[in-house]
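In what follows, a single structure is set out as structure tokens and then discussed.
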Amino acid sequence: MRRPRLRIPYEWKSRSFWLESGQAYLYLLPAIAILAVFTFYPFFSAFRLSLFKWSVVHPPGDYVGLSNYTKIFADKWFWNAVWNTFYYVAVSVPITLFLALLIANLLNKPLKLRAFARTSFFLAYITPLVAVAMVWSWMYNWHFGLFNYILGLFGGSLVNWLMDPKLSMLTVIILSVWRFVGYQAIILLAGLQNIDKMYYDAAKVDGATGFRVWWHVTIPLLTPQIFFVFIMSMIGSFKVFTEIYVLFSGTPGPLKSAETLVYYILRKGRFDGSQLGIAAAASVFLFAVIFAFTIVQLLVTQRKVHYQ
Amino acid sequence: MLRKALVVGLVGAMLGCLVVAAEPVTIQFWHSMSSGHQPHLEALVAKFMEENPNIVVELTYQGGYGDTEDKVNASVVAGSPPTMVQLYENVITPLVEVLYPIGPHMTQLEKDDILAGLVENNTFDGVLVSVPWNKSIMILYYRSDLIDTPPTTWQEFYDMSADLTVDLDGDGIIDRYGTGLRPYNPEMYLNYVVQNGGSILNDDWSAVTIGETEGVEAMEYAESLVPYSFISSGYLSDALGAGQVAMFVDTSAGYYYNNKAAVDNGYTMAVSRVPVGPVNGKSAIQGTNLVVFDMGQTQAQKDAAVLLAKFLIRPDNTVYWSLRGGYLPVVKSAYNSQVWLDYVAEHPEAVVESEAMVDGFAQILHPNYGQMRSALGSAFEEVLLGASTAVDAVANLVVELEALLDY
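So the protein lines, in turn, are chains U and D.
Heads up: the first sequence runs through residues 1 to 308, numbered per the working numbering.
Heads up: the second sequence runs through residues 1001 to 1407, numbered per the working numbering.
Quick look at the structure:
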């Protein structure tokens, strides 16, 4: 019986191949080390932790199998957090993207004060979120807030933005749309300015104008940026926390009406007495959700993204 | 010859002991006392080091209570906690087995001097493990320009709240509420429960007792106040300054902020004991305690930390700390010290706070109290926001607490 011959790639025989590869790995080493310590280790550690009943004195505590998962799935507040998170993602991501597209198109026109407008929109994004949320909590104030003042001018009745459970998610969504729309618009604007003029000229020759050009030329050629913005904002939205924490004075909103998955994780892991196993199980769930969504998005958009 | 050798040996041994005792020792003290309080703590620690020249205290601000808690937990997992930290009772509970009990190193006189309610919430399995430090108590804040005599009973508080709730400009919107309630303040509900003779659990923590008549009535009382209450997730000082609330119960640690809010807006504010319930007028004690770790620390470090803990609760020092930090003395003898008596003579609010503190009740030390407190807060919130009736909220609360009994 003949033994199969082991075929060694040709380049392996070259000394320079090993030298260059060695150098490349050497240069990658610091980044890999940092990722290993601050990303991979915590990532796998959370998986492991989710199978234990945490004990601070005897870490990681008693092995409990999947009981932390059973506990969170039986917890009504967990499902409340899941619902709020999905609601936030489903509403804020498309609205922000749609408005960002409109703004990017406007900023792409030869307007006066265009640079000022661009900076202004971006300012919302670079201002620290905690400061933004604190100012917004005042604007939402029932008695002295700007929003209720404006409503009052038009004869509207006072809205208790921060204490009405039905409005909690809306207040968070309005704030985050305002905050992220400028950032997304700038990225889309960069994409718009990168579209070669020849496509528009060709469309003009074919007799296309206005909306048809935008729909059939601009949008398809902008899909890499749209896709990037969409996927990044979706991942970010699944992890929303800070604005809720600050807007509602360190609480998850009235009757936990603005509690998202990240807030739930923090509440279980910190505020409610270091239940790190439960918090880790919820983290793994959140990871699975984001991972699944990202894969689906990748598969769907792979066919739709056009590169020039 | 033998005698000479013995004498030399003995003198040598004594000198050796002295050298050991004189050996400098460094301890770490992690705290959460930010800018307003930090200088006073630094002054106290400087005084301690002056009295104990061989001990160096490395005082480190670790952020808020939550941050300190996180860092302490991380340091315990890493096996290298600091020598001493200030912590809440529910954080201390899971750490007891790695703590160096302070009580056994105190004289009976020193232990007896600590306020009764404070001994209770620092005693684990019959041993005084930690000692109380920055403590405050719930008191009644009221606008003295609106209220001549503050309410003293639940009924009076209810009646006055109703009377003081008014629509000043007749637009159909209430402009000033008689009182204010914070949904995320489970201690408020606990005050009502204890004042009605109830408790969360029975003495041996084997059963939930808050579902009994006392607990339900306490929640119903809170429910009855809702129409006359300004409900806010944040502190009520802003509402007080804006004239939206006439009186409310909150921690004495907020005296400075509440008084400032009132005075800045042209009102006058005063304080009194919380209204007495059907059974008593007890009030929840809040604040942190000092613990010493026994996890890799040398005996000299643990001894030095115990010495510091005892120093910080010494009558003169607890008074110093209270006067400057807005807290209340933690030992009985401090209330009879001349400095405190002089202060009280000029500050009537301190009399109220002192009386309330001496009569205060502590939180239970159940290992799951962090989760229990959260459940209490949720039930209280549901009632205040009208999402549930008092009876239903307490019934659900009992189910949640029963699931937390085992630890």
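Note that beta-carbon positions come from the ideal geometry of N, C-alpha and C, so glycine has one too.
A quick note: this is a predicted structure, and the numbers were derived from the prediction, not measured.
From this set, the options, which residue's C-alpha is nearest residue i's C-alpha?
| i | options | result |
| --- | --- | --- |
| residue 142 of chain U | D/1259, D/1194, D/1372 and D/1244 | D/1244 |
| residue 156 of chain U | D/1178, D/1173 and D/1201 | D/1173 |
| residue 103 of chain U | U/159, U/161, U/88 and U/190 | U/190 |
| residue 108 of chain U | U/185, U/177 and U/165 | U/185 |
| residue 1035 of chain D | D/1332, D/1185, D/1325 and D/1343 | D/1325 |
| residue 168 of chain U | U/254, U/229 and U/61 | U/254 |
| residue 266 of chain U | D/1299, D/1237 and D/1371 | D/1371 |
| residue 231 of chain U | U/290, U/112 and U/277 | U/290 |
| residue 1185 of chain D | D/1210, D/1175, D/1222 and D/1030 | D/1222 |
| residue 1028 of chain D | D/1051, D/1039, D/1055 and D/1249 | D/1055 |
| residue 1369 of chain D | D/1301, D/1402 and D/1153 | D/1402 |
| residue 1128 of chain D | D/1030, D/1292, D/1026 and D/1075 | D/1292 |
| residue 162 of chain U | U/250, U/77, U/12 and U/35 | U/250 |
| residue 1082 of chain D | D/1336, D/1091, D/1068 and D/1374 | D/1068 |
| residue 1209 of chain D | D/1156, D/1407 and D/1395 | D/1395 |
| residue 1315 of chain D | D/1360, D/1258 and D/1133 | D/1133 |
| residue 188 of chain U | U/36, U/224, U/303 and U/243 | U/224 |
| residue 1162 of chain D | D/1211, D/1228 and D/1099 | D/1228 |
| residue 1033 of chain D | D/1043, D/1339 and D/1191 | D/1043 |
| residue 1359 of chain D | D/1294, D/1262 and D/1194 | D/1194 |
| residue 170 of chain U | U/149, U/127 and U/89 | U/89 |
Looking at the structure shown, is residue i part of a helix, part of a strand, or coil, going by DSSP?
| i | result |
| --- | --- |
| residue 1106 of chain D | coil |
| residue 113 of chain U | coil |
| residue 1100 of chain D | coil |
| residue 208 of chain U | coil |
| residue 1021 of chain D | Any reading at residue 1021 of chain D is ruled out, since the residue's pLDDT is 45, under 50, leaving its predicted position unreliable. |
| residue 1387 of chain D | coil |
| residue 1207 of chain D | coil |
| residue 1228 of chain D | helix |
| residue 1264 of chain D | helix |
| residue 60 of chain U | coil |
| residue 1129 of chain D | coil |
| residue 1070 of chain D | helix |
| residue 1155 of chain D | helix |
| residue 1286 of chain D | strand |
| residue 1111 of chain D | helix |
| residue 186 of chain U | helix |
| residue 1136 of chain D | strand |
| residue 1302 of chain D | helix |
| residue 216 of chain U | helix |
| residue 1059 of chain D | strand |
| residue 1404 of chain D | coil |
| residue 1180 of chain D | strand |
| residue 1201 of chain D | strand |
| residue 1250 of chain D | strand |
Looking at residue j and residue i, is the spacing between their C-beta atoms short of 8 Å?
| i | j | result |
| --- | --- | --- |
| residue 260 of chain U | residue 285 of chain U | no |
| residue 1232 of chain D | residue 1180 of chain D | yes |
| residue 1286 of chain D | residue 1089 of chain D | no |
| residue 258 of chain U | residue 172 of chain U | yes |
| residue 273 of chain U | residue 49 of chain U | no |
| residue 1276 of chain D | residue 1153 of chain D | yes |
| residue 1356 of chain D | residue 1283 of chain D | yes |
| residue 100 of chain U | residue 213 of chain U | no |
| residue 57 of chain U | residue 1097 of chain D | yes |
| residue 1061 of chain D | residue 1038 of chain D | yes |
| residue 77 of chain U | residue 256 of chain U | yes |
| residue 165 of chain U | residue 1225 of chain D | no |
| residue 1118 of chain D | residue 1319 of chain D | no |
| residue 1241 of chain D | residue 1214 of chain D | no |
| residue 137 of chain U | residue 246 of chain U | yes |
| residue 1110 of chain D | residue 1332 of chain D | no |
| residue 1131 of chain D | residue 1289 of chain D | yes |
| residue 200 of chain U | residue 81 of chain U | no |
Report back the beta-carbon spacing between residue i and residue j to the nearest angstrom; my notes put them in contact at under 8 Å.
| i | j | result |
| --- | --- | --- |
| residue 1139 of chain D | residue 1252 of chain D | 5 Å |
| residue 1308 of chain D | residue 1048 of chain D | 6 Å |
| residue 1272 of chain D | residue 1104 of chain D | With 8 Å as the limit, residue 1272 of chain D and residue 1104 of chain D do not qualify as a contact, their Cβ atoms being about 40 Å apart. |
| residue 1380 of chain D | residue 1101 of chain D | Between residue 1101 of chain D and residue 1380 of chain D the Cβ distance is about 34 Å, and since that is not below 8 Å, they are no contact. |
| residue 227 of chain U | residue 301 of chain U | 5 Å |
| residue 1170 of chain D | residue 1246 of chain D | With 8 Å as the limit, residue 1170 of chain D and residue 1246 of chain D do not qualify as a contact, their Cβ atoms being about 19 Å apart. |
message = Between the region 170–185 of chain U and the region 88–102 of chain U, can you find at least three pairs of beta-carbon atoms closer than 8 Å?
response = yes
inquiry  = Three or more C-beta pairs under 8 Å: does that hold for the region 1203–1210 of chain D against the region 210–225 of chain U?
reply    = no
task = Could you tell me whether the region 60–68 of chain U touches the region 194–211 of chain U, using the rule of 3 or more Cβ pairs below 8 Å?
result = no
ask   = Would you call the region 1212–1229 of chain D and the region 1389–1396 of chain D in contact, with 3 or more CB pairs under 8 Å?
value = yes
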